[in-house]
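Reading through the structure tokens given below for one structure.
Residue numbers (the working numbering): 164 to 342.
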């Protein structure tokens, strides 16, 4: 129990040594069971680089009868990685997607969206575009702006940068308020 009479309670796990390699654990919380204290899940802070100023938050879990493996990583740069420990460029873009899911089977490299509501409503994936320069702005788009798209990319033995097919929505005309 952590209790402080005024201000915020604070619990720090600190490694009292300089970082010499990237991806080193610097703080670990284990969740264990049975008398052998078998670790079933783990949350770790890990180094990102060797400058002592970057880090990732890593979640590991044990599959039934399996080993303790990394399942999710939140990087210091704000990427959410599922099924991998580092980001990957896909589609020839110079940016790395904030959410990346990777796996070795269809079931562990897929995303599903399900609505279990007892009515006629379905699940949706919303893709939005604004010309605002910051989060939560709604600056109007202009003719020719790409609103979003879906790209289909096959590996070419070198990378996943070449788009094979694409569905893209582009503004055609001059938008006005609420149209």
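Where is the CB? At the ideal position from N, CA and C, for every residue including glycine.
For residue i, the three-state DSSP class (helix, strand or coil)
i           : result
residue 196 : strand
residue 271 : helix
residue 178 : coil
residue 338 : coil
residue 247 : coil
residue 191 : strand
Pick from the options that is closest to residue i, judged by C-alpha positions
i           : options               : result
residue 269 : 246, 281 and 261      : 246
residue 334 : 326, 214 and 312      : 312
residue 292 : 281, 197, 331 and 324 : 331
residue 317 : 327, 308, 310 and 223 : 327
residue 265 : 309, 236, 299 and 198 : 236
residue 176 : 187, 192 and 168      : 192
residue 215 : 228, 310, 227 and 182 : 182
residue 341 : 304, 226 and 323      : 304
Where the beta strand (DSSP E) through residue i begins and ends
i           : result
residue 235 : 231-237
residue 297 : Run containing residue 297: none; DSSP gives neither H nor E here.
residue 224 : 218-225
residue 315 : 309-316
residue 207 : 201-210
residue 331 : 326-333
residue 263 : 262-264
Chain-order list of residues whose beta-carbon lies under 8 Å from that of residue i (same chain, five-residue window excluded)
i           : result
residue 288 : 276
residue 218 : 189, 208, 209, 210, 211 and 239
residue 315 : 326, 327, 328 and 329
residue 295 : 301 and 302
7 Å Cβ shell around residue i - same chain, five flanking residues per side excluded
i           : result
residue 262 : 243
residue 319 : 325
residue 185 : 210, 211, 212 and 213
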